[in-house]
Amino acid sequence: MKKIAKISEVRKYVKNMKQKGKTVGFVPTMGYLHEGHLSLVDVAKAHADVVVMSIFVNPTQFGPNEDFDSYPRNIERDESLAQRRGVDAIFYPEVLEMYPGNDLTWVTVDKITNVLCGAKREGHFKGVTTVVTKLFNIVQPDVAVFGQKDAQQAAVITQMVNDLNMPVKIKIAPIVREKDGLAMSSRNVRLSDDQRQKALVLSRSLFSIENGLKNGRPLLEMINEAKNEIILTDGVELEYLEARSYPGLEPAIDLNGSCLIAVAARVGDVRLIDNIIVIG
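Just add 51 to the spot in the sequence shown (first one is 1) and you have my numbering.
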């Protein structure tokens, strides 16, 4: 596995692979890899000859009171996991490599970035879409893989790629969960044992909504019941629990077409998100 820190070097690597007739799959991450990230590698390997993974904790998608400094990092561990899973090259630039200063250009997607996480995290998606655009321009992949766990992000990136005619196919991989149902996240390591048990109310509520819908119960009734359960869980601060069309992210009042049920909450000082997608 090749380890690359410079933009010029990763461009040279990809150019060389493409000159050999290889297709390039790309998995952008912020590191501290877990099975969820590694499942994206599997999807990339199924759709491309060579897999490049980026590991970059992007400062522009964190707000002033968010956890950029405390976000978990362990590049040696990440390298080992990525190599064992079959990643061909890791691109892990320093912040100054990606943002040398005096940046005046930003990429923004309207409307669908103003709801859910975007309503609470001002500037977050501007940071996401800008860094992903930069990474696409640097790596120039044929295929890029994102996870359903960040369902809004996946919708935003897909919209951006379509709107800007970017020559990359976007693949969305399903959520990978722990045995207890908790959606895998790099932030999970910051939960105490007690907090982790309390955090299970998020996935439990989503599964309850899904089962209720299968039994014909009204969507909004199930949403309200789940909200109450989360709110009553000591140590869990609900940010939102909403039903939205997917990928358009319009408010949903009943099960009509593809529907995203998304939740975000703070457990202690750890912000967690989770979701399910149900088809009406």
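Yeah, the Cβ is synthetic: ideal placement off N, Cα and C, and Gly gets one too.
TODO: Determine the contact status of T80 and G178, defining contact as a CB-CB distance below 7 Å.
DONE: Looking up residue 80 in the sequence shown gives position 29. Looking up residue 178 in the sequence shown gives position 127. The answer is no: Cβ separation not under 7 Å.
Task: Selection from V160, Q199 and D245 that minimises the alpha carbon distance to L215 - done: Within the sequence shown, numbered from 1, the residue matching residue 215 stands at position 164. It is V160.
- [ ] Can you tell me which of W157, L323 and Q70 puts its alpha carbon nearest to the alpha carbon of L242?
- [x] Reading the sequence shown from its first residue, position 191 is the one you call residue 242. Comparing Cα positions, the closest option is L323.
- [ ] Classify P302 as helix, strand or coil using the three-state DSSP reduction.
- [x] Here residue 302 refers to the residue found at position 251 when the sequence shown is read from its first residue. P302 falls in the strand class under three-state DSSP.
Open item on the list: Ignoring anything shorter than 3 residues, give me the beta strand (DSSP E) runs that lie fully in the stretch 161-211, in order along the chain.
Closed with: 194-198
TODO: Kindly identify the DSSP beta-bridge partner or partners of G76.
DONE: What you label residue 76 is simply residue 25 of the sequence shown in a count that begins at 1. Looking at the DSSP assignment, G76 forms a beta bridge with V102 and V194.
Open item on the list: I'd like to know if the stretch 101-118 and the stretch 221-233 are in contact, where contact means that at least 3 CB-CB pairs between them fall below 8 Å.
Closed with: no
Open item on the list: My output table needs one value for D154: the three-state DSSP class, helix, strand or coil.
Closed with: The sequence position of residue 154 within the sequence shown is 103, counting from 1. Residue state, collapsed to three classes: coil.
Task: Separation of A97 from K54, as counted between CA atoms - done: Walking along the sequence shown from the start, residue 54 turns up at place 3. Walking along the sequence shown from the start, residue 97 turns up at place 46. Looking at the two C-alpha atoms, the distance is approximately 22 Å.
Task: Three-state secondary structure assigned by DSSP to V219 - done: Counted from its first residue, the sequence shown places residue 219 at position 168. Coil.
TODO: Please report how far the alpha carbon of T156 lies from the alpha carbon of R255, in whole angstroms.
DONE: Translated into the one-based positions of the sequence shown, residue 156 becomes position 105. Translated into the one-based positions of the sequence shown, residue 255 becomes position 204. Spanning the two alpha carbons is a distance of roughly 42 Å.
- [ ] Using beta-carbon positions only, say whether L167 and A313 come within less than 7 Å of one another.
- [x] What you label residue 167 is simply residue 116 of the sequence shown in a count that begins at 1. What you label residue 313 is simply residue 262 of the sequence shown in a count that begins at 1. The answer is yes: Cβ separation under 7 Å.
- [ ] For my contact list, L253 and I281 are in at a C-beta cut-off of 8 Å; report their separation, rounded to the angstrom.
- [x] Stepping through the sequence shown from its first residue, residue 253 is reached at position 202. Stepping through the sequence shown from its first residue, residue 281 is reached at position 230. Indeed, because the Cβ distance is near 7 Å, the residues count as touching under 8 Å.
Open item on the list: I need the boundaries of the alpha helix (DSSP H) containing L242, first residue and last residue.
Closed with: Against the sequence shown, residue 242 aligns to sequence position 191. From DSSP, L242 is part of no alpha helix (DSSP H); its letter is neither H nor E.
Open item on the list: To the nearest angstrom, how far is the alpha carbon of V108 from that of Y122?
Closed with: Locating residue 108 in the sequence shown gives position 57, counting from the first residue. Locating residue 122 in the sequence shown gives position 71, counting from the first residue. Their Cα atoms are separated by approximately 8 Å.
Task: Span separating the alpha-carbon of P269 from that of G263 - done: Counting from 1 along the sequence shown, the entry for residue 269 is found at position 218. Counting from 1 along the sequence shown, the entry for residue 263 is found at position 212. Answer to the nearest angstrom: the Cα atoms are 8 Å apart.
Open item on the list: Measuring CB atoms only, is the stretch 84-95 touching the stretch 132-142, in the sense that at least three cross pairs come out at less than 8 Å?
Closed with: yes
Task: Secondary structure of E332, DSSP reduced to three states - done: With the chain running from 52 to 331 in the structure shown, residue 332 is simply not present.
Task: DSSP state of D325 mapped onto helix, strand, coil - done: To locate residue 325, count along the sequence shown from 1; it is residue 274. DSSP places D325 in strand when its eight states are reduced to three.
Task: Alpha-carbon to alpha-carbon, R124 and P144 - done: Stepping through the sequence shown from its first residue, residue 144 is reached at position 93. Stepping through the sequence shown from its first residue, residue 124 is reached at position 73. Each residue's alpha carbon lies about 14 Å from the other.
- [ ] Leaving aside the five residues before and after F197 along the sequence, list all residues of the same chain whose C-beta is less than 8 Å from its C-beta, in chain order.
- [x] Reading the sequence shown from its first residue, position 146 is the one you call residue 197. P79, L91, Q204, A205, I208, I221, K222, I223 and A224, listed in sequence order.
Task: Closest by C-alpha distance to I328, when choosing among R317, D320 and L306 - done: Counted from its first residue, the sequence shown places residue 328 at position 277. Minimum Cα distance to I328 is reached at L306.
Open item on the list: Let's test the definition: count the other Cβ atoms within 10 Å of the Cβ of S237 and tell me whether it reaches 16, buried, or not, exposed.
Closed with: Residue 237 sits at position 186 when you count from the first residue of the sequence shown. So S237 counts as buried.
Open item on the list: Do I106 and D120 have their beta-carbon atoms positioned less than 7 Å apart in this structure?
Closed with: What you label residue 120 is simply residue 69 of the sequence shown in a count that begins at 1. What you label residue 106 is simply residue 55 of the sequence shown in a count that begins at 1. No, the pair does not count as a contact, with Cβ atoms beyond the cut-off.
TODO: Could you please give me the residues that DSSP links to F142 through a beta bridge?
DONE: Locating residue 142 in the sequence shown gives position 91, counting from the first residue. BP columns for F142 point to I55 and S105.
Open item on the list: Just to check my reading of the structure: G76 and V194 have Cβ atoms closer than 8 Å, yes? What is that Cβ distance to the nearest angstrom?
Closed with: For the purposes of this step, residue 76 is taken as the residue at position 25 of the sequence shown. For the purposes of this step, residue 194 is taken as the residue at position 143 of the sequence shown. About 5 Å; that satisfies the 8 Å criterion.
Task: Extent of the continuous beta strand (DSSP E) run through S296 - done: Taking the sequence shown and counting its residues from 1, the one referred to as residue 296 is at position 245. Element bounds for S296: V287 to S296.
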